[in-house]
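Residue numbers (our numbering): 7 to 280.
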């Protein structure tokens, strides 16, 4: 774990998660705009849409965290106090989608076409950002003695939770070995990127790349949640909040894919993609 990668002059810290998040935003934005231009979407509009999508993602990620952890917030202004609590990836996806829908409707951009251009960026962002989670020690997994298990140092979120539960011996310097769930999600991002890219090369109608991402991430996130141990994820019945959203997302994506497959039986309605 290395929450602070290095310090700039005058003691300004560069945090691992913040750096990885910034890199994912920059890389994802560049990739989405390039793909949009190749799909026939005006580059300037794509740039503006990417900006609105980003703002929507940030707002959605924060709001879903707040909604699932209301007991942590004493005042409404605490919602914008980013140093209190965190964010939820699924909220980011939903918030970004809502913002993109609004922008595309106003500017008459084909929503599914834009979504197909953004899907690879979502995968790339997942792969990069979760490395920051690993370095920061958040989003850790359940204790496990498997070959891939990792131990986090004293003071880390995993260590503090296990100490509070009385799972650690006196004088322990590290946590119990746990699932590296952050790296599981990072690898999921890499796998989904290959899947989405392959679908983009073969799709006949817009929306199939988005559906592939939503289906794949829904399954992978549901499974990873089973071995997550960090608190503050909220619950909906027997599921964590993210598992419940994964189920709903999977069902919606499956329905979309069914409709798109019926459309694909006719003439192609898709701008060229790469």
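Note that CB positions come from ideal geometry on N, CA and C, so glycine has one too. Given the structure is predicted, the values throughout are model-derived calculations rather than measurements.
With DSSP run on the structure shown, which of helix, strand or coil describes residue i?
i	result
residue 149	strand
residue 94	coil
residue 201	helix
residue 159	strand
residue 248	helix
residue 7	coil
residue 79	coil
residue 126	helix
residue 56	helix
residue 45	coil
residue 280	Bear in mind that the predicted position of residue 280 carries a pLDDT of just 43, short of 50, making it too unreliable to give a figure here.
residue 142	helix
residue 172	coil
Tell me, to the nearest whole angstrom, how far the beta carbon of residue i is from that of residue j; I am working on the premise that it is less than 8 Å.
i	j	result
residue 63	residue 52	Incorrect: roughly 16 Å between the Cβ atoms, too far for contact.
residue 213	residue 266	5 Å
residue 117	residue 66	About 17 Å; that fails the 8 Å criterion.
Within a Cβ cutoff of 7 Å, which residues of the same chain sit near residue i, ignoring the five residues on either side of it in sequence?
i	result
residue 201	218 and 222
residue 138	22, 23, 25, 26 and 27
Bridge partners for residue i per DSSP, in chain order?
i	result
residue 234	147
residue 13	19
residue 242	245
residue 180	159
residue 112	Its beta-bridge partners do not exist; DSSP assigns none.
Leaving aside the five residues before and after residue i along the sequence, list all residues of the same chain whose C-beta is less than 6 Å from its C-beta, in chain order.
i	result
residue 70	94 and 97
residue 140	188 and 189
residue 102	59, 62 and 63
residue 278	Caution is warranted here: a pLDDT of 49 is assigned to residue 278, below 50, making its placement in the model unreliable, and no coordinate value can be reported.
residue 136	188, 191 and 192
residue 228	249 and 252
Leaving out five residues on either side along the sequence, give the residues of the same chain with a beta carbon under 8 Å from the beta carbon of residue i.
i	result
residue 31	60 and 131
residue 163	143, 144, 146 and 236
residue 33	127, 130, 131 and 134
residue 258	220
Cβ contact (3+ pairs, closer than 8 Å) linking the stretch 151-158 and the stretch 228-245: Contact between the stretch 151-158 and the stretch 228-245 is absent, because fewer than three Cβ pairs lie under 8 Å.
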